[in-house]
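Sequence lines, in order, name chains A and B. The first sequence runs 1 to 393 under UniProt numbering. The second sequence runs 1 to 273 under UniProt numbering. Think of the CB as a built atom: it goes at the ideal place given N, C-alpha and C, for glycine as much as any other residue. Worksheet for the structure shown next.
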Amino acid sequence: MQPVKLCAFLVTIDLLIKSEGWELTNISTPIIEFKNVGLSYGDDEVLKNIDLELEAGKFYTLLGPSGSGKTTILNLISGQLTVTHGDILFEGNIINDVPVEKRHMNTVFQDYGLFPNMTVFENVAFGPSIKGMSKKDIKTKVTEMLTLVKLNQYADREITELSGGQRQRVAIARALANDPEVLLLDEPLSALDYKLRKEMQYELREIQQRLGITFVFVTHDQEEALAMSDWIFVMNDGVIQQNGSPEDIYDEPINHFVADFIGESNILDGIMKTDYLVHFTGKDFENVDAGMRPNERVEIVLRPEDLDLTTIENGKLIVTIADQSFRGDYYEITAIDDDGNEWQVQATNKSKIDARVGLTFDPEDIHIMRFNESENDFDARLESYEGEEDAEK
Amino acid sequence: MPKSKKQRQLFYLMPYGLWLLLFVIAPLILLLFQSLTTQNGHFTLHNYALYFSSGTYLLMTFNSVFYAFLITIITLVISYPTAYLLNQLKQKQFWLLLVILPTWINLLLKTYAFIGLLAKTGTVNNFMSLFGIVPQQLLFSNWSFLLVAAYIEIPFMILPIFNSLAEINPRLEQASRDLGANRWQTLRRVIMPLSMPGIKAGIQAVFIPSLSLFMITRLIGGNRVITLGTAIEEHFLVTQNWQLGSTIGIILIVAMVITMIFTRDRKRSRKRG
C-alpha cells in the first residue's frame with residue numbers, strides 16, 4: 001500500500017472511531033453509563049456529578065451508609081426518579097426520559113412489594129402476562145423461575161402465608177420472570193436474619209452467574225458487599241468515594257471514610273518522610289508506599305487482623321491492653337500505646353488486661369492515604385512507582 | 001364492678017344493647033307484626049299478597065331498585081377517579097375534608113338549596129338567561145332527582161374508596177410499573193382489585209339508603225319517580241294504612257339484606273390438600 005493511501009485509510013478509521021464515540025481499548029459499550037449525573041431536591045443536592053460505567057454480566061454493589069445516595073442511583077437506573085442534570089445511558093442510548101415500564105430492567109424491592117391480592121404464581125406471572133405471553137408460556141416461565149428460587153411447591157400459596165425468606169424469593173423470581181438485562185436489588189436481604197442472609201448472599205451470587213445478567217445490588221452492609229460483588233462503588237454524601245474490586249477497596253482504601261466504613265481500621269496521622277519511610281507515633285517505619293512529597297502529611301491505616309501481639313523486645317510499638325473479648329476464632333483486643341492512641345487488634349493469642357506487650361506488623365501492612373487524593377491520581381501514583389520497582393528488578 | 005371478663009364485656013355492652021333493643025329490634029318486630037295482621041289485629045298474609053299482585057307496587061319496587069342503581073353508578077363513576085386523585089395530592093386530608101364538608105349540613109337544607117338553584121326563577125335559569133336561553137323546567141324531573149341524589153351520596157362513596165386507596169402500599173404501584181405495566185394496567189390490575197373493599201363499602205353506603213329515598217323524590221323529583229320510600233311515607237302519613245306500609249318496609253329491609261350479602265367483603269380463601 002502506498003504511504004499516502006495508508007495514511008488516508010488510518011485517518012478514516014480514526015474519524016470513524018471518533019464519530020461513533022468508540023475507544024480502541026474498550027470496544028464493548030457499557031450496559032449502563034452515568035455521565036455527570038446529578039439529582040437535587042430544591043437546594044438539597046442528593047447526588048453530585050456521578051460518572052459510572054457498568055459492564056454487562058457483572059455483579060455490582062453500591063455500598064454506603066443511609067442517605068449516601070446509593071438507592072437514588074438505583075432509582076435513577078430503574079426510572080423511578082429522573083435526573084436533574086446529566087445523562088443515563090443504556091447500551092449507549094440516552095434513557096433519561098424512558099418511562100419505568102419501558103426499561104429492560106427489574107427491581108427487587110427492600111420490602112419486596114409483592115401484590116397481596118395475588119398468589120405466588122400470579123405474582124411471578126404478572127410481568128409475563130402484561131407482556132401478553134400465552135397462558136402456556138406464562139406457566140412454563142413461572143415454573144422455571146420458581147424452580148430457580150426453589151419455591152415450586154409454593155405456587156398456589158397466598159403471599160400472607162409465606163415467611164420473610166420465602167417472600168424474598170418470590171420477589172426475585174417475579175423480577176427475573178421478565179428476563180431483565182439488569183436486575184436491581186434494593187437492600188433485599190436487610191430484613192432477613194443472619195443465617196438466612198448468608199444463604200441468600202450465596203444463592204443470589206449463584207443465580208447471577210447462572211443467568212449471566214448484570215446485577216446492581218444496594219447495601220449498607222460492607223461484609224455483604226465484599227462477599228458478593230465483582231465491583232463495588234463506595235458512596236457517601238452523594239459522591240462515589242471509591243470504586244474497585246472488593247480486594248482493592250479493602251486493601252487500598254483511598255480515604256478516611258472508605259477505610260473506616262469498610263472493615264475495621266486503625267487510622268492515625270503520620271508523615272511520609274521520604275519514599276518508603278513513614279513516621280507515626282513518634283517513630284519511623286519502613287513501608288512500601290512512594291510517590292509523595294517529602295514530609296507530606298498523610299493518614300496511616302493498619303487493619304486489626306494485620307496486627308499481632310508479641311514480646312516487648314520484638315514489638316514495633318509498646319502498648320497496654322485495655323480490653324479483650326473472645327470472638328470465636330480470635331481475640332478482639334483494645335490496646336493503648338504510649339502516645340494515647342487506641343489500637344484495635346485481632347490477635348490469635350490471649351493476653352491480660354493491663355499487661356504491657358509489643359505490637360508488631362509488616363511494612364506492607366501499612367497503608368498510606370493522602371489527603372484529597374482522587375482515584376485517578378491514586379492509580380497514577382501507584383503505577384509510577386510500581387513501574388520503577390519492576391525496572392529496578 | 002363485675003369480675004370475669006365476660007361479665008365485664010356484657011357490662012360495657014349494656015347501654016348500646018338497650019338502645020338496640022328499644023329502637024332497632026323492637027320496632028322491627030312491630031313492623032313484622034303489623035305487616036302480618038289486618039287492621040283488626042287478625043293474622044293475615046293479605047298485605048303481602050296485595051303487594052306482589054299489584055302492578056303499581058311492583059313498578060315502584062322496580063323504580064326504587066333502578067334509580068338506586070343509577071345513583072350508585074353515577075356516584076361510583078364520579079367518586080373513584082376523585083378518590084384516586086385525592087390520594088395523590090400533597091394536602092390530601094384537607095381536600096378530603098372539603099369533600100366531606102357538605103355531609104355536615106342537614107339534608108333537608110341542601111335539598112331546599114337545590115330548589116333555589118333549579119327553580120324556574122332560580123340561579124341556574126337566571127344565569128342561562130344571560131345567554132338568551134329561555135328558562136327551562138329543571139325541577140321535578142328524573143334528571144334533577146338523579147343529580148341531587150348523586151350530589152348528596154358522593155361523599156359517602158368517596159370516603160371508603162379513599163380510605164382503601166390510602167391503605168395500598170405505594171410500593172405496589174412502583175412494583176407494577178417496574179414489571180412493565182403502564183399507568184392504566186397498574187390501575188386495572190393492582191389498584192382496583194386492592195381497593196375493592198372500599199368500592200363495596202361505598203356501594204353499600206349509597207345503594208341501600210337510595211332504595212328508600214323519599215324526601216328528594218318529592219321535593220326535587222316532584223313525585224314523578226315514586227319509590228318504595230315514597231310509598232311507605234304515603235301509607236303511614238296519608239292513607240293511614242300502616243299494615244301495608246309495614247309490609248313494604250319489610251320488603252325493603254329484605255332488599256337491603258340481599259345487597260349487604262352481595263357486597264360483603266369476602267376474604268379469599270381456598271381449600272388446600
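Can you tell me which of the three DSSP states residue i falls into?
i	result
residue 173 of chain B	helix
residue 287 of chain A	coil
residue 110 of chain A	coil
residue 18 of chain B	helix
residue 157 of chain A	coil
residue 199 of chain A	helix
residue 384 of chain A	helix
residue 227 of chain B	coil
residue 63 of chain A	strand
residue 346 of chain A	strand
residue 218 of chain B	helix
residue 357 of chain A	strand
residue 87 of chain A	strand
residue 264 of chain B	coil
residue 204 of chain A	helix
residue 297 of chain A	strand
residue 5 of chain B	helix
residue 364 of chain A	helix
residue 44 of chain B	coil
residue 162 of chain B	helix
residue 41 of chain A	strand
residue 318 of chain A	strand
How would you label residue i, buried or exposed, when you count the other beta carbons within 10 angstroms and need 16 or more for buried?
i	result
residue 19 of chain B	exposed
residue 145 of chain A	buried
residue 100 of chain A	buried
residue 229 of chain B	buried
residue 363 of chain A	exposed
residue 237 of chain B	exposed
residue 121 of chain B	exposed
residue 35 of chain B	buried
residue 52 of chain B	exposed
residue 235 of chain B	buried
residue 187 of chain A	buried
residue 109 of chain A	buried
residue 126 of chain A	buried
residue 167 of chain B	exposed
residue 309 of chain A	buried
residue 178 of chain B	buried
residue 268 of chain B	Caution applies to residue 268 of chain B, whose pLDDT of 47 falls short of 50 and renders its modelled position unreliable; the model cannot decide the point.
residue 163 of chain A	exposed
residue 128 of chain A	buried
Measuring alpha carbon to alpha carbon, tell me which residue in the options is nearest residue i.
i	options	result
residue 41 of chain A	A:218, A:209, A:317 and A:72	A:72
residue 325 of chain A	A:315, A:344, A:310 and A:337	A:344
residue 28 of chain A	A:95, A:262, A:57 and A:248	A:57
residue 225 of chain A	A:35, A:338, A:65 and A:355	A:65
residue 106 of chain A	A:293, A:77, A:92 and A:81	A:77
residue 139 of chain B	B:116, B:153 and B:203	B:116
residue 60 of chain A	A:190, A:265 and A:235	A:235
residue 262 of chain A	A:53, A:273, A:269 and A:244	A:244
Contact criterion: CB-CB distance below 8 Å. Does residue i meet it with respect to chain A?
i	result
residue 193 of chain B	yes
residue 182 of chain B	yes
residue 91 of chain B	no
residue 273 of chain B	In this prediction, residue 273 of chain B has a pLDDT of 34, which is less than 50 and means its spatial position is unreliable; what the coordinates show is noted afterwards. No - not a single Cβ of chain A is within 8 Å of the one on residue 273 of chain B.
residue 39 of chain B	no
residue 224 of chain B	no
residue 175 of chain B	yes
residue 185 of chain B	yes
Residues bridged to residue i by DSSP?
i	result
residue 396 of chain A	Any property of residue 396 of chain A remains undetermined from this structure, which presents chain A solely from 1 to 393.
residue 302 of chain A	A:266
residue 105 of chain A	A:182
residue 260 of chain A	BP columns for residue 260 of chain A are empty, so no partner.
residue 242 of chain A	A:234
When you compare the CB of residue i with every CB in chain B, is at least one pair closer than 8 Å?
i	result
residue 152 of chain A	no
residue 78 of chain A	yes
residue 140 of chain A	no
residue 131 of chain A	yes
residue 167 of chain A	no
residue 42 of chain A	no
residue 358 of chain A	no
Kindly list, in the order they appear in chain C, the residues whose Cβ is closer than 8 Å to that of residue i.
i	result
residue 165 of chain B	Here chain C cannot be found, since the structure's protein chains are A and B.
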